[in-house]
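To convert, note that position 79 of the sequence shown is 80 in my numbering; the numbers rise steadily by one, no gaps. From the three backbone atoms N, C-alpha and C, an ideal C-beta is built for every residue, glycine too.
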Amino acid sequence: MAKIYGLGTGPGDVEYLTLKAVRILKEVDYIFVPNNKGKNMALDTITDLIDHDKLVFVDYPMGKMTEEKYKENASFIEEKLGKDKTGAFITIGDPMYYSTVLNTFSLFSKDLDQEFVSGIPSFVAAAGVSKQALALMGEKFMVLDRLPKEFYPEVDSYAILKTYDLDQEKLDFIEEAGFAYTYVERASLDDQVVLRDREQILARKNYISLLLLRRK
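Structure representation (structure tokens):
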């Protein structure tokens with residue numbers, strides 16, 4: 002029976018890869034790489050550890066994916082695996098958080114065995130590099146892929162992903178709700194940035210960034 006792994010490569014630093022991920026990347030027949038204008042951060046992470054002859058690039062144009070395109074990609078991957086091949090579909094962070102893996106794997110047939118290999122999510126790595134706890138005993142923590150229209154009064158801290166479009170109004174909204182914030186860009190990489198100064202944060206416009214919020 003053919004098998005596909007949804008494999009998380011972590012936040013970017015190759016040393017955050019799990020031993021299980023490294024083993025599976027060596028064992029599978031194919032490594033499926035979501036391709037967006039020739040860029041893939043997950044591939045950058047594993048590039049020195051893999052056999053590049055295994056790579057299969059699948060187009061996932063950011064902001065232009067449709068349900069039909071997801072179905073087309075799922076069919077292509079399943080046909081490539083046939084009846085007895087194995088493959089790893091790589092993604093940054095963890096495959097169970099806001100990932101292309103979930104959108105694609107839900108479309109595979111029951112004839113294809115699926116397994117998910119956890120990776121360290123970006124917000125966990127960001128908490129480590131910024132030395133900011135995500136949640137203390139008894140607290141409530143929430144992860145969102147964008148700022149909410151309003152904050153839940155019972156939630157003590159948030160991780161807000163994809164904060165490349167921060168502006169004065171959004172930071173005002175966060176401050177007025179009573180939160181302190183830390184901006185983390187490219188967590189775990191050599192060029193990572195950790196900022197708490199408002200004006201410095203507003204000057205950054207990087208897609209690989211997030212905010213960690215904590216009630217004052």
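- Sequence-distant Cβ neighbours of Thr164 in its own chain, meaning closer than 6 Å and more than five residues away, are Ser210, Leu211, Leu212.
- Note that the segment 22 to 41 touches the segment 58 to 76; at least 3 beta-carbon pairs, one per stretch, sit closer than 8 Å.
- The shortest C-alpha to C-alpha distance from Leu113 to any of Ala136, Ser123, Gly88, Ile25 is the one to Gly88.
- Distance from Asp157 to Arg215 at the Cβ level is roughly 7 Å; contact confirmed, criterion being Cβ atoms closer than 8 Å.
- Annotated three-state conformation of Ser76 is helix, per DSSP.
- According to the DSSP assignment, Arg216 belongs to the beta strand (DSSP E) that extends over 210 to 216.
- By the CB criterion at 9 Å, Phe109 and Ala160 fall outside the cutoff.
- In the DSSP annotation of this structure, the continuous segment of the alpha helix (DSSP H) that includes Gly129 starts and ends at 123 to 131.
- Comparing C-alpha distances from Asp198 to each of Ala188, Arg187, Glu176, Leu190 shows the shortest one belongs to Glu176.
- Bridge partners of Gln201 according to DSSP: none are assigned.
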